[in-house]
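Trainee:
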Amino acid sequence: MTAGVDPRVVREAGRWLARLGSEDVTEADHQACQRWRQADPHHEWVWQQMAALQSAFQSLPSHASRSDLLERRGTLSRRQLLGWGAVTLLSGALGYGGVHSGLWQRQWADYAAGVGETRAVTLSDGSRLVLNTDTAVDVRFDETAREILLRRGEILVTTGAREARPLRVRAGGGVIRPVGTRFFVRLMDRATQVGVFEGAVEWRQGAGNPVPLAAGRQAIFGVGGISPVSALSVNDAEWENGRLIAERMTVSRFAEELARYRYGLVDCEPEVAALRVTGVFPLTDTDQALAALARALPVKVTYYTPFWVRIEKKH
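To convert, take the position in the sequence shown, counting from 1, and add 118; that gives this note's numbering.
(1) Expressed to the nearest angstrom, what Euclidean distance is found between the alpha-carbon atoms of Trp163 and Ala131?
(2) Return the CA-CA distance between Ala355 and Glu141, expressed in angstroms with no decimal places.
(3) Looking at the structure shown, is Leu362 part of a helix, part of a strand, or coil, going by DSSP?
(4) Secondary structure at Ser140, three-state DSSP: helix, strand or coil?
(5) Does DSSP put Leu408 in a helix, a strand or coil?
(6) Name the DSSP bridge partner or partners of Leu285?
(7) Measuring straight from C-alpha to C-alpha, what distance separates Glu374 and Ile429?
(8) Please check the pair Val312 and Ala337, which I expect to be a contact at CB under 8 Å, by giving their CB distance rounded to whole angstroms.
(9) If you follow the beta strand (DSSP E) that Asp385 is part of, which residue opens it and which one closes it?
(10) Going by beta carbon distance, what residues of the same chain come within less than 7 Å of Ala414, once the five residues before and after it are set aside?
(11) Is it buried or exposed, Pro179, if we count other Cβ atoms within 10 angstroms and call 16 or more buried?
(12) Using a Cβ-Cβ cut-off of 7 Å (strictly less than) and excluding sequence neighbours within five positions of Asp147, which residues of its own chain qualify?
(13) I want to know whether the stretch 355-366 touches the stretch 339-347 - three or more CB-CB distances under 8 Å.
(14) Just curious, the beta strand (DSSP E) that Glu316 is in, first and last residue?
(15) For Thr253, I'd like the list of residues in its chain whose CB is within less than 7 Å of its CB, leaving aside the five on either flank, ordered along the chain.
(16) In or out: Arg126 buried (at least 16 other Cβ within 10 Å) or exposed?
(17) What do you reckon, are the CB atoms on Arg295 and Glu320 nearer than 7 Å?
(18) When DSSP labels each residue in this structure, what does Pro296 get in the three-state scheme?
(19) Starting from Trp357, follow the alpha helix (DSSP H) in both directions and report where the run begins and ends.
(20) Secondary structure at Leu376, three-state DSSP: helix, strand or coil?
(21) Between Ala333 and Glu358, is the Cβ-Cβ spacing less than 7 Å?
(22) Would you mind stating whether Thr276 and Arg246 have Cβ atoms separated by less than 7 Å?
(23) Among the residues of its own chain, which have a CB less than 6 Å from the CB of Val239, if the five just before and after it don't count?
(24) Between the C-alpha atoms of Glu261 and Trp226, what's the straight-line distance to the nearest angstrom?
Right, dumping it as structure tokens:
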């Protein structure tokens, strides 16, 4: 049944779990939750999975079920924190489970960066990789070729000295061939974004013709084709320095970008999604970035749980 899990139902189950774990829970809350569970067999199935995960999570020692974020948020009981830990685990296991989960891919990769981390690696040929948040990379060098396989996330590549062995980057079903260059590759939902800061690259998918990208250009390659080649901003690699530089960025896009650097969900109300913000925001402290957004725009940031943050209209 996991193939058809609805993320919305997981979030609803999580809200009920948190409510029933609160100190002021009432009998009416229990009855309302029971009605929700009985309204749809899928609700009940997700609830049972959540309960099983919560039971397993409760067996962990207290320090193992908390993070620095949880330590900073003292408004929730341990029971609620455990419940929301189960929500996070369930969302990952059901939505992106098995070998496609970030935890699994990072665990078995040659090089990896966790959520909210970046990591720089110098390869044996002198090429430099910078791994962005939640990234997994395998490196396969032999006597005839050099290959970098991006399994998850985003990398910034600066090639080393030219040599006889060709260098290729595989990502999302395509192959990128750089020519003395600095470029980034980002895996997205059913697409791959490539941007070139220096030099040039060629993108090839299957038996198709190669698509060239020159310095200062970027494109998104998906199953439906290639997006129009567009200009690349030098700010697109500022994540290497722990910064998000927004230039009239919509709040919805801001939330999506910031969500990559923290566990859980960051979303926004439809009423504020189209507002635009300009500024420099820290990626190493997403709470600080959210607070800065609230100072810049008529919005407020509500922490429903340590794992669910929502940007809302300020009334």
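Just so it is clear, CB atoms sit at the ideal spot from N, CA and C, and this is done for glycine as well.
Mentor: By the coordinates alone:
(1) Distance between the alpha carbons of Trp163 and Ala131: 10 Å.
(2) Ala355 and Glu141 have their C-alpha atoms spaced approximately 45 Å apart.
(3) Strand at Leu362.
(4) Coil at Ser140, not helix or strand.
(5) Looking at Leu408 - three-state DSSP - the assignment turns out to be helix.
(6) Under DSSP, the beta-bridge partners assigned to Leu285 are Arg264.
(7) The alpha-carbon atoms of Glu374 and Ile429 are separated by roughly 11 Å.
(8) Contact annotation, Val312 with Ala337: C-beta distance approximately 6 Å; criterion of less than 8 Å satisfied.
(9) Where Asp385 is concerned, the enclosing beta strand (DSSP E) starts and stops at 383-386.
(10) Result list for Ala414: Val395, Gly397, in chain order.
(11) Residue confidence is low: Pro179 scores 41 on pLDDT, short of 50, so the model does not pin down where it sits. Its coordinate-derived value is still stated next. Exposed, since its Cβ has fewer than 16 Cβ neighbours within 10 Å.
(12) Once the five neighbours on either side are set aside, the close Cβ partners of Asp147 are Arg137, Leu138.
(13) Three or more Cβ pairs closer than 8 Å define a contact, and the stretch 355-366 falls short of that threshold against the stretch 339-347.
(14) According to the DSSP assignment, Glu316 belongs to the beta strand (DSSP E) that extends over 309-323.
(15) For Thr253, where only same-chain residues beyond five positions count, the Cβ hits under 7 Å are Ala230, Ala231, Arg270, Gly271, Glu272, Ile273.
(16) That one is exposed.
(17) Taking C-beta atoms as the reference points, Arg295 and Glu320 count as a pair closer than 7 Å.
(18) Here Pro296 sits in strand by DSSP.
(19) Run containing Trp357: none; DSSP gives neither H nor E here.
(20) Looking at Leu376 - three-state DSSP - the assignment turns out to be helix.
(21) No.
(22) Taking 7 Å as the Cβ cut-off, Thr276 and Arg246 qualify as a contacting pair.
(23) Contacts found: Tyr229, Leu247.
(24) Glu261 and Trp226: Cα-Cα distance of roughly 24 Å.
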